[in-house]
Amino acid sequence: MGTGAIGTAKVFDNAHNSLLRKESRMETILANIHSFTFVLDLIVSLPTIATTPRLSGIIAHSTVPSPYQPDNGGGSVPISIAIGPAGGCMWSADQRQCQYTTNFQPSAEFLHLPSGQNVTNHFPKGRLMVGCHITTAVQAMGTAIWAVGPYIPGLMVLSITFLCLTIVFSLFSGIAVIIVSALVHHHLEYSVPPFDFDIGIDWVLSFAVVAIQMILAIWVGCIRLKMPRGRPPPPEDDHLEMSQH
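Positions 65 to 309 (the working numbering) are the ones given, in order, by the sequence shown.
This is the structure in structure tokens:
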């Protein structure tokens, strides 16, 4: 092989190495974005509701007669119930009690509910929230794959597969939070005592994760389609070039 062929081969090698570097940089950027969505999933899935009630699916507020002054003129005590993927919390005046379970049930004793209450009767189950924890687990595996992707060739396809899985599970999680929140709203709206409601931001975070991941998937697909596949063909020998002159 002549010097011309050697020079051409070096050009092809440099182009191929540049392509690999670009793909590695792209995977690094995508890993950072994927990690951000994983953090959002953790906020949804972990019991952050205990310290930040707004990080729930729904928050219900009401008042009950003061247990310390049971006469009719004794005033009232504010109570609240919040439910999210990690369980639920109750507040009575300045006291708080949380249950980290998918089968959260409010306590009539803690909330000092009146004898005719029906808040705790047939309280909707939160088993749909299990999907939020499954989503977090899949998201964790996907994030780990994205993190090592720039250093191990051939992980792009597996990374995209996990990305598609997390989109499906995240969408299910958002729908689950909405369904459970709607059931709680319907149950407590006509309960004794009646409740007022504030919508939490868990369901917003769930769909934010879906939106970011869908944009990420489209971006990855577009970039991947623009990339040439396989190694460039080797240059022809100098003798073939000379025979054409």
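Virtual Cβ for every residue (Gly too), placed ideally from N, Cα, C.
Taking a 10 Å sphere around the C-beta of residue 220, we find 16 or more other C-beta atoms and assign the residue as buried. For residue 186, no beta strand (DSSP E) segment is defined, and its DSSP state is neither H nor E. Taking a contact to require three or more Cβ pairs closer than 8 Å, the segment 154 to 172 and the segment 103 to 110 do not qualify as touching.
In summary, residue 121 is buried, with 16 or more beta-carbon neighbours lying within 10 Å of its beta-carbon over all protein chains present.
With 16 or more neighbouring CB atoms inside 10 Å of its own CB, residue 150 falls in the buried class. A residue is called buried when at least 16 other Cβ atoms come within 10 angstroms of its Cβ; residue 205 does not meet this threshold and is exposed. Less than 8 Å separates the beta-carbon of residue 166 from that of residue 191. At least 8 Å separates the beta-carbon of residue 226 from that of residue 243. DSSP, reduced to helix, strand and coil, places residue 179 outside both helices and strands of the structure shown, so it counts as coil.
Membership of residue 146 in any alpha helix (DSSP H) is not indicated; the residue belongs instead to the beta strand (DSSP E) covering 140 to 148. Its Cα nearest to that of residue 259, the residue 145 stands out among 277, 145 and 179. The alpha-carbon separation between residue 113 and residue 289 amounts to approximately 42 Å.
If the five residues before and after residue 171 are omitted, its C-beta is found closer than 7 Å to the C-beta atoms of 154 and 161, all from its own chain and listed in chain order. Per DSSP, residue 128 is not a residue of any alpha helix (DSSP H); the beta strand (DSSP E) it occupies stretches across 122 to 129. Within the same chain, Cβ atoms closer than 7 Å to the Cβ of residue 266 are found at 108, 119, 120, 121, 148, 149 and 241, the five residues on either side in sequence being excluded. With 16 or more other Cβ atoms from the protein chains shown falling within 10 Å of its own Cβ, residue 196 counts as buried. One Cα belongs to residue 139, the other to residue 130, and the distance between them is close to 6 Å. For residue 238 against residue 274, the beta-carbon gap comes to about 6 Å, under 8 Å, which counts as contact. Exclusion of the five residues before and after residue 231 leaves 274, 277, 278 and 281 as the residues of its chain whose Cβ lies within less than 7 Å of its Cβ. The C-alpha of residue 262 is placed about 25 Å away from the C-alpha of residue 199. In the DSSP assignment, residue 118 is bridged to no other residue. For residue 236, the enclosing alpha helix (DSSP H) has its first and last residue at 220 to 253.
Between residue 248 and residue 181 a beta carbon distance of about 15 Å is seen, past the 8 Å cut, so the two are scored as non-contacting. In the three-state scheme derived from DSSP, where H, G and I count as helix and E and B as strand, residue 156 is classed as strand.
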